[in-house]
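Each residue of the sequence shown is one higher than the one before, starting from 4 at the first, in the UniProt record's numbering. Yeah, the Cβ is synthetic: ideal placement off N, Cα and C, and Gly gets one too. Some notes on the structure that comes next.
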Amino acid sequence: TELLKIIQGIPKAELHLHLEGSFEPELMFEIAKRNKITLPYDSIESVKQAYKFNNLQEFLDIYYAGAQVLLHEQDFFDLTWAYLTKVHSQNVVHVEVFFDPQTHTDRGVSFDVVIKGIYRALEKGKSVLNISFKLIMSYLRHLSEEAAFETLEASLPYKDIIDGVGLDSSEMGNPPSKFEKVFKASAAQGYKLVAHAGEEGPSEYIWEALDILKVERIDHGNRCLTDEALVKRLVDEKIALTLCPTSNVALKVIQHMNEHPVAKMLDQGIMATIHSDDPAYFGGYMNENYYETAKALNLTLEQIQQLAINGFEASWLSESSKKKHI
Ligand code: ADE
Ligand code: ZN
């Protein structure tokens, strides 16, 4: 359609993508086979059947299970490379991707294996596909702060290739404040800071991410609109929200796309951007996220363009690189 063509034509930046969430069932089966691991599914169809979620936790349980077949450097390379070739076809020219080291190190896969595979693919994407990148390691918030400290320690040999740290996994009951010390220590190592907040959790968690963790972007942040003072803070300080509309519908953060807050956020002057979160599980990469949102909310061309500009604006590219894209 016309709308899809317009979206395809706009160069885009992806700032909220979990590499483990880009693991398509076809590749999962292929890697499981060569690693001699049996998946609890007998076909790709039955995998897709299982991808029906009532909340974040139901998704996370399946997402962590899927990641179990990743064992070798080549597996992490293949995962990342598949993602990059996919988004290249959607005119994504810059990515800032998350990985969850603890999902792998807790199974005995070393930090080195994980990051070497991912980084080799990102480098190839830069040279072959001309996709620039940043890499963000996320601490799993359902685990302890002590465990996050161990991950920080394991990352230090690679701190020149890791740009920032994030905070993801089960939000309710795991407020940002639980990770105050490890975020402070991460900043001291030169890492930039982001955190998931206000996806299922309340606006207080967004305040905590800003005031206690001192993050520069909020991943999701859907719940901010209920809090006028918070909206003012986000606008005044140009704090970006990396929204993931298809994810929000899949995880029932909202009941229907036409309830998505992104249009109201733009109206109120919030630096809102659109991303895909876990596209293999939610059925939408960047273009589908833009398309579904634009269609359901009747976004204007100006609003669509603003979302894409905000993606670069909120990125960690240098000011001169941003200018080339905007
Ligand atoms: N890990 C992967 N996707 C996530 C999401 N949407 N929220 C929290 N943790 C995640
Ligand atoms: Zn996410």
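Assuming residue i and residue j make a contact with CB atoms under 8 Å, what is their CB distance in whole Å?
i: I307; j: Y288; result: Contact flag wrong, Cβ pair sits at about 16 Å.
i: T296; j: M268; result: Incorrect: roughly 11 Å between the Cβ atoms, too far for contact.
i: L325; j: S318; result: The displayed chain sequence assigns Lys, not Leu, to residue 325. About 7 Å separates the two Cβ atoms, so the contact holds.
i: L138; j: I165; result: 5 Å
i: S25; j: Y86; result: 4 Å
i: I121; j: V95; result: In fact, because the Cβ distance is near 17 Å, the residues do not count as touching under 8 Å.
Return yes when at least one heavy atom of the ligand ADE lies under 6 Å from the C-beta of residue i, else no.
i: H107; result: no
i: residue 2; result: Outside the displayed range of the chain (4 to 329) lies residue 2, so it cannot be described from this structure.
i: S113; result: no
i: H263; result: no
i: D171; result: yes
i: H19; result: no
i: H199; result: yes
i: G167; result: no
i: G24; result: yes
Could you check if residue i is buried or exposed, using at least 16 other CB atoms within 10 Å of its CB as the buried criterion?
i: S189; result: buried
i: D64; result: exposed
i: H97; result: buried
i: V131; result: exposed
i: M140; result: buried
i: Q258; result: exposed
i: I242; result: buried
i: A70; result: buried
i: E23; result: buried
i: G176; result: exposed
i: L196; result: buried
i: K8; result: exposed
i: S206; result: buried
i: G111; result: exposed
i: N301; result: exposed
i: N57; result: exposed
Would you kindly work out how many angstroms separate the C-alpha atoms of residue i and residue j, rounded to a whole number?
i: D222; j: Y161; result: 24 Å
i: I273; j: D163; result: 31 Å
i: D281; j: G314; result: 17 Å
i: N38; j: A191; result: 39 Å
i: L146; j: A198; result: 15 Å
i: Q60; j: S173; result: 6 Å
i: A151; j: D103; result: 11 Å
i: L155; j: S92; result: 34 Å
i: I34; j: Q11; result: 30 Å
i: V185; j: K15; result: 32 Å
i: P28; j: H19; result: 21 Å
i: E219; j: T245; result: 11 Å
i: T4; j: K298; result: 11 Å
i: T83; j: P248; result: 22 Å
i: T106; j: E48; result: 25 Å
i: G286; j: I277; result: 15 Å
i: A200; j: P179; result: 8 Å
i: K55; j: T41; result: 21 Å
i: S323; j: F136; result: 15 Å
i: L310; j: A275; result: 6 Å
i: E76; j: V50; result: 24 Å
i: I209; j: E17; result: 21 Å
i: A266; j: N225; result: 12 Å
i: F62; j: N251; result: 12 Å
i: Y194; j: K187; result: 10 Å
i: H21; j: E202; result: 15 Å
i: A68; j: F182; result: 25 Å
i: H328; j: I312; result: 8 Å
i: D230; j: R236; result: 10 Å
i: D109; j: D171; result: 16 Å
i: C227; j: L233; result: 6 Å
i: Q52; j: Y44; result: 10 Å
i: E211; j: K217; result: 8 Å
i: A157; j: G167; result: 14 Å
i: V238; j: F32; result: 45 Å
i: V90; j: P264; result: 25 Å
i: A283; j: F101; result: 15 Å
i: V117; j: T303; result: 41 Å
Does the beta-carbon of residue i, which I'm using as the reference point, lie nearer than 6 Å to any heavy atom of the ligand ZN?
i: D280; result: yes
Which parts of the stretch 160-214 are runs of the alpha helix (DSSP H), unbroken and 4 residues or longer, counting only runs that do not cross its ends? Runs of the alpha helix (DSSP H) inside the stretch 160-214: 183-191 and 206-211.
Residue ranges of each alpha helix (DSSP H) within the stretch 55-79, 4 or longer: Fully enclosed alpha helix (DSSP H) runs of 4 or longer: 59-70.
List, from N- to C-terminal side, the beta strand (DSSP E) runs of 3 residues or more that fit wholly inside the stretch 226-252. Runs found: 243-246.
Note down, one range per segment and in chain order, each beta strand (DSSP E) of at least 3 residues found wholly within the stretch 98-149. You should have 135-143.
What runs of the beta strand (DSSP E), each 3 residues or longer, lie entirely inside the stretch 253-325? Runs of the beta strand (DSSP E) spanning 3 or more residues and lying entirely within the stretch 253-325 occur at 275-277, in chain order.
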